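Below you'll find the structure, written out as structure tokens, and then a few comments.
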Amino acid sequence: MSQIGATGRRGDAPPGESGALDQTNKPSVREAAAPALAAVGVSKHFGVVRALDDVTLAVRSGEILALVGENGAGKSTLVRIFEGVYRPDQGALTAGGAPQAFRSPSDAHALGIRVIHQEPDIVPDLSIAENLFLGDFRRIHGVFLDRADLARRTRQMLAEFGLEKDLGPWIRAGDLGPAQRQLMEIMRALRGGLRVLALDEPTSSLTEEEAQRLFRVVRRLRDDGVGIVYISHRMREVRDLADRVAVLRDGRLVAERRTAEFPESEIVQAMVGRPIADLYERGARRRGEAVLSVRGLTTKRVRDVSFDVHSGEVVGLAGLVGAGRSELAEAIFGHDRMLAGSVAVRGRTIRLRSPADAIAAGIGFAPEDRKSQALLLMRSVKDNISLAVPDLISRFDFVDPGAERRIATEFADRLRIRTPSLDAAVSNLSGGNQQKVVLGRWLARRPKVLILDEPTRGIDVGAKAEIYRLIAELAGEGIALLVISSEMPELLGMADRILVMAGGRLVAELDREAANEERILSLAMAENLTRTETVRTP
Ligand SMILES: Nc1ncnc2c1ncn2[C@@H]1O[C@H](COP(=O)(O)OP(=O)(O)OP(=O)(O)O)[C@@H](O)[C@H]1O
Ligand SMILES: [Mg+2]
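By the working numbering, the letter at position 370 of the sequence shown is numbered 388, and the numbering carries on one by one without gaps.
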């Protein structure tokens, strides 16, 4: 594969035409003695919230700098300042040693500074080719759109990323999976010449395999001299990938060291301000009778799935993205229409017409996509948490505001939700803090069956530990939990049993002792297994 990135100009590009990987903005690595990009004494407030406080941090050419910190620590705010989305209240930026005052993202883009945001930044109804070369059609062929040339250049770019077999130029961007979309955004960033690339939690919706592919691309860009800022809550990624780690806490830079000299436990301690001993603490648990019984469940995307979850049990649901895990959860919760099969709670089959039926039967569900399905963004943190606990707070139709606030306070504390107050609108919270609010609501309600879809996506390590503890606590109280997760260490750490889905089917059931990453992954990729493999230890 030919190289991509900062020096990736292809020798065979026709003269006079700026190649797909035009890198004219980028200084040669030797020239770049000054940091590629630096924040100098940067502060940023949102109302009373101090998102960044006097942050001085440099990104060098040819390094991967991990930016870590708890939810709400200011990471996204800093890269938004890097990209000219926000302007600092105080302090300044320099690029290649020269002071910069970006008025908008296009100023930053012109200097080769790009951010891949967690929310996709593409035009879903346009093709891949059009998205890649948006704003650059003019240069292709006078005033007319030269489709053949556009297709050729897009194919060339796809080939650089090894995607030419899977994707064609005229595929609608909205039909791409999250991994392909991110790679497309990176390709688009490369087009203008790339000096600094910041990735804000890029792997949160990727599978392990897709993440590995992304890492290869990121490392190659680094080797080609691009300065990379990498935001993630996954410590293993940070260790594997980063040359240097910078830690933000409450908007301040509290540590900055080479990864090799920064043990994980110390990174975590710098982030949360306290040591975390055991992530997956689990108390004594007793598996009781079956609470959730699913039989032959079939939807458009899920085929003939049967399993039980018992009282006091945490069942993990593994699989690649697209394996049908979320669809299964949504069907059990009455979101998706079942074509065949049944769902029973404690032996009683539920008539599932809508989520209201599932909730009435004692099923709770914290979905993966918190924005569209779960949160009332304009309502307060308090309302969002206590909303689902009507029977705890209202007696004889009487809502007890004191109890409501107590519950909200308890969970906001336990999950370390960072918000100016319980009455603040959820829409202004950082991504991870919004996720905590969704979880808080369902953890507070304590249903008979609780289904959690990617419960710790985007959540910082301190709060993760608390969520695992809450899950263990709920299991200890006899609740049946079904937890979907793409993070293997998490699944292995908290589940008593792991179900593996592939291609809409349940392909395996592994006991805690029999499960390991390799085994789960190989089962998850074995779409054409004809019958369920069951592995139990005696
Ligand atoms: N537009 C905004 N209006 C009000 N407050 C904001 C806004 N953007 C960010 N904040 C606040 O600034 C603080 C920092 O948020 P930021 O999004 O930078 O955190 P983060 O480190 O990226 O967290 P996460 O890991 O959860 O994504 C948070 O307290 C957040 O609520
Ligand atoms: Mg963020």
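Cβ atoms here follow ideal geometry from the backbone N, Cα and C, with glycine treated the same way.
Computed from a predicted structure; not experimentally measured.
Is residue i near residue j, with beta carbons less than 8 Å apart?
i    : j    : result
L338 : T225 : yes
V312 : S329 : no
R436 : N451 : yes
V86  : V327 : no
I469 : F351 : yes
V214 : I285 : no
E299 : R487 : yes
E345 : V361 : no
L271 : T74  : yes
E274 : A260 : no
L194 : M205 : no
D478 : I502 : no
M506 : E527 : no
K400 : L457 : no
R364 : V309 : yes
I381 : V244 : no
V290 : E88  : yes
G359 : T316 : yes
A347 : F383 : yes
S145 : I189 : yes
Residue range of the beta strand (DSSP E) that residue i falls in?
i    : result
R369 : Premise fails: R369 is in no beta strand (DSSP E) and is neither H nor E.
G334 : V332 to G337
D529 : R523 to D529
G59  : L55 to F64
G494 : Note, G494: premise wrong, no beta strand (DSSP E); alpha helix (DSSP H) at V479 to G494.
D326 : V323 to H328
L500 : A498 to I502
A362 : A358 to V363
Out of the options, which one is the CA nearest neighbour of residue i?
i    : options                   : result
L492 : R238, W460, R121 and M253 : W460
E531 : A520, L55, A513 and R523  : A513
L83  : R371, A483, G420 and F280 : F280
A207 : A177, G365, A169 and A128 : A128
G65  : R515, A442, R463 and G521 : A442
G210 : I189, F179, L232 and D125 : D125
E495 : I425, R173, P465 and E137 : P465
V141 : A191, A421, R292 and M205 : A191
A520 : L315, V67 and A544        : A544
A421 : A462, E386 and P385       : A462
L111 : I368, L185, S145 and A52  : A52
G334 : V103, V133, A490 and V77  : A490
A426 : S223, R78 and S398        : S398
K93  : M356, R78 and S61         : S61
D72  : S79, A56, E81 and R78     : A56
I116 : A54, E88 and H135         : Reading off the sequence, residue 116 comes out as Ala, not Ile. Of the listed residues, the one whose Cα sits closest to A116 is A54.
Q136 : G306, Q174, D529 and Q200 : Q200
L239 : L315, G269, Q287 and F179 : F179
A341 : A542, A91, N89 and S372   : A542
R98  : V133, G306 and A91        : V133
A91  : E508, G476 and L510       : G476
E589 : R252, N402 and R305       : Here the chain has residues from 19 to 556 only, and residue 589 is not among them.
A498 : K482, K454 and R515       : R515
E228 : Q198, E219 and A288       : Q198
Y104 : D164, E81, A69 and S504   : A69
F429 : I403, V444 and P419       : I403
Which first and last residues belong to the alpha helix (DSSP H) in which residue i is found?
i    : result
G382 : Taken as a continuous stretch (DSSP letters only), G382 belongs to no alpha helix (DSSP H), being part of the beta strand (DSSP E) at I381 to A384.
I538 : E535 to M543
A308 : Premise fails: A308 lies in the beta strand (DSSP E), A308 to T316, not in any alpha helix (DSSP H).
M519 : Careful: M519 lies outside any alpha helix (DSSP H), inside the beta strand (DSSP E) at R515 to A520.
G420 : P419 to R432
V320 : Per DSSP, V320 belongs to no alpha helix (DSSP H) and is neither H nor E.
G342 : No alpha helix (DSSP H) holds G342; DSSP gives it neither H nor E.
G511 : M506 to M512
A288 : E282 to V290
K183 : From DSSP, K183 is part of no alpha helix (DSSP H); its letter is neither H nor E.
S404 : V399 to S404
Less than 8 Å between the CB atoms is what I'm expecting for residue i and residue j, so what's the real figure, rounded?
i    : j    : result
A147 : L168 : 5 Å
Q108 : G59  : 6 Å
R262 : T277 : 6 Å
Y248 : L212 : 15 Å between Cβ atoms; not a contact.
E386 : L433 : The Cβ separation is near 18 Å, so there is no contact.
R78  : G102 : Not confirmed; about 20 Å, so no contact.
So is residue i in contact with chain B if we call contact Cβ pairs under 8 Å?
i    : result
N402 : Absence of chain B from the displayed structure is noted, only one protein chain being present.
Return yes when at least one heavy atom of ligand 3 lies under 7 Å from the C-beta of residue i, else no.
i    : result
D107 : With respect to ligand 3, the structure offers nothing, as its ligand set consists of ligand 1 and ligand 2.
Contiguous alpha helix (DSSP H) assignments of at least 4 residues, all confined to the region 196-278: The qualifying runs are 196-209, 226-241 and 253-259.
Contained beta strand (DSSP E) runs [length at least 3] in the region 78-163, N- to C-terminal order: The region 78-163 is shown to contain whole beta strand (DSSP E) runs of 3 or more residues at 82-87, 108-113, 116-118 and 131-134, in chain order.
Entirely enclosed alpha helix (DSSP H) segments - the region 434-466, minimum 4 residues: Positions of the alpha helix (DSSP H) runs, each at least 4 residues long and wholly inside the region 434-466, are given as 449-463 in order along the chain.
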